[in-house]
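First up is the structure itself, then whatever we jot down about it.
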Amino acid sequence: MDTMIVEGRSISKPPYFDGTTNCTEWKERIKIFIQSVDFDLWLVIKNGPKIPKKIIHGEELEKSEDEFNDEDKKIMEREAKAKNILYCALNPDDLRRISSCHTAKEMWEELDKEVTTSDIHPLPSSSPQISPPGVQIMPASFLLNNMPNPEFLEEQRNDSFLNLCVPIYKHALHGNWRAAKHILDNENRLKNAAITNGYPTLLHIAAGANHIHFVKELLKMLDENDITLQDKIGNTAFCYAAAAGNIEIVDLLLDRNSQLPVKRAGNGYTPIQYAALQGRSKMTWHLYDKTTPCFQDEDWKLLFFACIYTGIYDFALKLARDRNELAFVRDVNEETALHLLARNLMVLDYRPEHVQIHITKRKIVTVAWKKICAPYEEGGLNLRSLVCLNEATNLKLCWDLLLSEEHWAKILKSRVLRGTSCINHHIYSSIWSGIKMEFQVIRENSSWLVGDGKKINFWFDHWCGDSLFQILNATNDLIAPFPSSVNSYISNNQWSIPQSLTQVFPSLRNLVHQVTLPMHDQDDGLVWKHNPTGTLSLKDAFEFKRKHLPKLNWTKSIWSSDIPPSKSLLAWRLMHDKLPTDENLSLRGCSLPSMCSLCLSCFETSYHLFLQCPYAKNIWRWFASILNINLQIQNFEDIWKICSRNWNPQCKLTITAAIINILNAIWYARNQQRFQDKKIHWKSSISTIISNVSLSSNLSQTVASSSITDFIIMKKFNVSIHPPKAPRIIEVVWHPPIFDWIKCNTDGAATNVSSSCGGIFRNKDSMFLLCFAENTGIGSAYHAELSGAMRAIEIAARHHWNFLWLESDSALVVNAFKNHSLIPWRLRNRWNNCLHIVSSINFMVTHVYREGNCCADALANIGLTLDHLTIWLDMPACIRGYYVQNRLGLPGFRFVNF
């Protein structure tokens, strides 16, 4: 089996330490390996062997090997095994270091010094070291004036160093912010302290290791001085990020301190010079404008030759163009850049990092795949990324595992779950290996719907917003005396919070009572926070996993089922600036003499070709004359603002189709002139535009209105008017209840900042009984309408009205009584309680148009101004007119367009 495992990863061979492996990681692995072989061997290494001894004349002496009994031989055998394992795991250099050690414990302690003397550097040892003449290295005493606190290094042999610095160093190196945050919560001084002998801080290590999330979260805890701390050789964390080439981390640090690019390290180098020495082309370009204002002549020389040595030729060429004298300067070997380039045959095949071209390759101006996979409203083509789809499938499978009661799920949960947590060690499973990383994602983005409370941890689970442990700023000592299950605080389907607990946390009772308990026994349910129904579908998982981009206004205009997608696609490429104009080709390494093919006078750019070229101007002037407006187009986004004016639907489609066809006509004329040597007159292009627009608008199902301006525009494009169908008039009459029934009309209202509900109760004689209005906080209109229905049922139960007729102008509310899956999970317990109430009374629910629900509508609008539930036993004046109309049976009229 060992032949199937790579070197250093065998389960039967000790992990090998070659001198370059991270010492802390190796020690953890060798410790685990020894314990797995024989735990007694680890105790021998940790505590030392019990050397067999004898007592002669009251003096204790070591036994000779011939005097060992069976027990002594077992002790020394374990010591020999422990030493043998350590010998087999070390390289020759480290073997020489421990050759003088007599016991396995002494060997381990000698190796322990590797941890305390380990150091990291922003540059690998293989990076070129350039020392140009004339660079004066500043004294360390002057440069290293902002060192981190070394208090933990002064206690290297103590437990504080091994138990805090070593683990948090590993977490920073691997980007495990959650584990590092746990240590920082207990020892906050570590956030800006030196944690190895090289004096790097957590920020140095995480920035050099390219862990963006770790850096982003750590920066929230650091002040301005912490960001500029230097290690033993004078490097800031910014130097580490620049050398690593991580632009996102560099930008995070720049947001906090814009002077970091000009802060020199102990050797006099700036971060841009570190980036150049490492061959980080994109980073070098990124830092150029932020650094060079402080440069001296020797700095320019160093940066120039660093770019030559590491192959960043495009940047070196820019430097030579900006500062002509660099073409003649010489390096330490008295050679110019031309000497170096002449000996390097690879220069002939060089192209910048972002340019990958070949003379026979087509389509070098393309849109990034991540943009193509975005939805239409975010500027994409609504394709699905397979990588993101795979991640979404794993998330959905993990969700199904947690909720499923099938045999496969029960078996796997018994192997991987321990209470509400999952195992950390590896198991052989084709399912768990793919979804284990999603377990924590689900915990952070789900909540518990309280039932009997048996599955929910009272302090640490999310069941009333965030966990109570976080909300109350609790500690383990404070909560230790109290039960941890929510079930312990429920009695007879009501909250039962002990007085002793409310004395410790006074606000706890109010927090808990915001959560509605079911009136009948039911199991706890896990719900997905980001879906109103609480379920996680594959669509929801994909939406959660995909990268969201800003929404763009112009995307609503260019895509339409009435316009050929091939024509819309050109407009889409233009908006992303991905048309192969001469300007874009030159940016991608295809440098050719450029001239606009239509006007034969200017350099061809997208802006010139479509907006400034006389050919394009003639077409736009014609279009402006049809619209009878003065077009002021400063950029391409201004074009689509024309479509957002108050046009009728058919006219809006006509104008949109015209704009898209204008862009296509200009591009077609350009290509014909350039590649076919055919010149198309701009008036011929206008005829083609009119023909295409007429085809799109005439085949459309959109309708026009009675605007004479829109009529003229459409006639110019030979578009037939599609008049709307005549509206149908519906008579709406409010009907009183029959016999001993009570009728309640409810409604909801919502704005951007608040929502509310209202309702009115009347008897069989249409007499007013009472009405209510209530502000329901931030929510949708549907949330408010459901709240109104539930409040009406609760009020009816309080007054013992056992014949209740509920009427609403929301069809969704009526359907919710038939399909419970339509209920948002935040209202589900309260809704189930209402259904429990109506199951014991005579109840019916019907729909009425808004014209027959004016009283409830007015009450809902009043609720927007309230801050608590208000019940009126006397009729408010604002609904009196509507009430009289309903009582007299006067109809309202609704106009419906078909």
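No gaps in the numbering here: position 648 of the sequence shown is 648 in the UniProt record's numbering, and each next residue is one more. Beta carbons: idealized from backbone N, C-alpha and C, even for Gly.
Strictly by DSSP, which residues pair up with residue i?
{"i": "L417", "result": "C422"}
{"i": "S756", "result": "A749, N775"}
{"i": "F469", "result": "Paired residues: none, contrary to the question."}
{"i": "I743", "result": "Checking the displayed sequence, the identity of residue 743 turns out to be Lys instead of Ile. DSSP lists R762, W805 as partners of K743."}
{"i": "I56", "result": "E59"}
{"i": "M844", "result": "W805"}
{"i": "I729", "result": "F895"}
{"i": "S446", "result": "W528"}
{"i": "A193", "result": "N149"}
{"i": "residue 900", "result": "No statement about residue 900 is possible, as the shown extent of the chain runs from 1 to 898 and does not include it."}
{"i": "I837", "result": "I837 is not bridged to any residue."}
{"i": "I490", "result": "W495"}
{"i": "D163", "result": "In the sequence as displayed, the identity of residue 163 is Asn instead of Asp. Answer by DSSP bridge pairing: none, since N163 is not bridged."}
{"i": "T870", "result": "A773"}
{"i": "N457", "result": "S485"}
To the nearest whole angstrom, what separates the beta carbons of residue i and residue j, a pair I think is in contact under 8 angstroms?
{"i": "I442", "j": "L397", "result": "Going by Cβ atoms, the distance from I442 to L397 rounds to 11 angstroms, so no, they are not a contact pair."}
{"i": "L627", "j": "S697", "result": "Incorrect: roughly 15 angstroms between the Cβ atoms, too far for contact."}
{"i": "L770", "j": "N763", "result": "L770 to N763, Cβ: 11 angstroms. No contact."}
{"i": "V367", "j": "R588", "result": "About 13 angstroms separates the two Cβ atoms, so there is no contact after all."}
{"i": "I713", "j": "C643", "result": "With 8 angstroms as the limit, I713 and C643 do not qualify as a contact, their Cβ atoms being about 12 angstroms apart."}
{"i": "N210", "j": "A243", "result": "At roughly 11 angstroms, the Cβ-Cβ gap does not stay under 8 angstroms, so N210 and A243 are not in contact."}
{"i": "E796", "j": "I742", "result": "The residue you asked about is not Glu; residue 796 is Ala in the sequence shown. Rounded, the Cβ-Cβ distance is 7 angstroms, consistent with contact."}
{"i": "L866", "j": "N775", "result": "5 angstroms"}
{"i": "F295", "j": "L260", "result": "Not quite, the Cβ-Cβ distance comes to about 16 angstroms (not below 8 angstroms), so this is no contact."}
{"i": "E77", "j": "V44", "result": "That belief does not hold up - the Cβ atoms of E77 and V44 are roughly 10 angstroms apart, past 8 angstroms."}
{"i": "L253", "j": "I272", "result": "So it is not a contact: roughly 14 angstroms between Cβ atoms."}
{"i": "P518", "j": "N833", "result": "6 angstroms"}
{"i": "A374", "j": "L549", "result": "5 angstroms"}
Are the CB atoms of residue j and residue i within a distance shorter than 8 angstroms?
{"i": "A179", "j": "A207", "result": "no"}
{"i": "I212", "j": "E187", "result": "no"}
{"i": "D582", "j": "S594", "result": "yes"}
{"i": "A265", "j": "C307", "result": "no"}
{"i": "L859", "j": "S754", "result": "no"}
{"i": "R791", "j": "G759", "result": "yes"}
{"i": "K547", "j": "K282", "result": "no"}
{"i": "V845", "j": "F803", "result": "no"}
{"i": "residue 899", "j": "F458", "result": "Absent from the model: residue 899. The displayed extent of the chain is 1 to 898, so no value can be given."}
{"i": "S700", "j": "D562", "result": "yes"}
{"i": "W463", "j": "V515", "result": "yes"}
{"i": "K545", "j": "L395", "result": "yes"}
{"i": "A392", "j": "F603", "result": "no"}
{"i": "Q676", "j": "S597", "result": "no"}
{"i": "F893", "j": "V732", "result": "yes"}
{"i": "L326", "j": "W300", "result": "yes"}
{"i": "F761", "j": "L869", "result": "no"}
{"i": "K53", "j": "L41", "result": "no"}
{"i": "E377", "j": "T656", "result": "no"}
{"i": "K887", "j": "S766", "result": "Reading off the sequence, residue 887 comes out as Arg, not Lys. Yes. Within cutoff."}
{"i": "L812", "j": "Y782", "result": "yes"}
{"i": "G279", "j": "T228", "result": "no"}
{"i": "C757", "j": "G788", "result": "yes"}
Just checking: is the beta-carbon of residue i within a distance shorter than 8 angstroms of some beta-carbon in chain D?
{"i": "R828", "result": "Checking the listed chains, one finds no chain D in this structure; it contains a single protein chain."}
How do the region 600–610 and the region 660–680 stand: do at least 3 beta-carbon pairs fall below 8 angstroms, yes or no? yes
Is it a yes or a no for the region 532–540 touching the region 822–842, going by three-plus beta-carbon pairs under 8 angstroms? Counting Cβ pairs under 8 angstroms, three or more are found: they touch.
Taking contact to mean 3 or more Cβ pairs, one atom from each stretch, closer than 8 angstroms, check whether the region 442–458 and the region 520–528 are in contact. yes
Which ranges does the alpha helix (DSSP H) cover as unbroken runs of at least 4 residues, wholly within the region 572–629, from first to last along the chain? 582–587, 614–627
Can you confirm whether the region 221–233 touches the region 194–206 when touching is taken to mean that 3 or more C-beta pairs between the two stretches lie within less than 8 angstroms? yes
Closer than 8 angstroms is the cut-off here; do at least three beta carbon pairs connect the region 47–67 with the region 24–34? no
Considering only residues of the region 514–552, which uninterrupted alpha helix (DSSP H) runs meet the minimum length of 4 residues and lie entirely inside it, listed in chain order? 538–545
Segment contact flag, the region 482–499 with the region 507–515, C-beta cutoff 8 angstroms, min 3 pairs: yes
Pair every Cβ in the region 716–736 with every Cβ in the region 634–641, then say whether three or more of these pairs are closer than 8 angstroms. no
Only counting runs of 4 or more residues, tell me where the alpha helix (DSSP H) segments fall wholly within the UniProt repeat "ANK" (233–265), in order along the chain. 237–244, 247–256
Segment contact flag, the region 847–859 with the region 869–887, C-beta cutoff 8 angstroms, min 3 pairs: yes
What are the uninterrupted segments assigned as beta strand (DSSP E) that are 3 or more residues long and contained completely in the region 31–90, given in chain order? 53–56, 59–62
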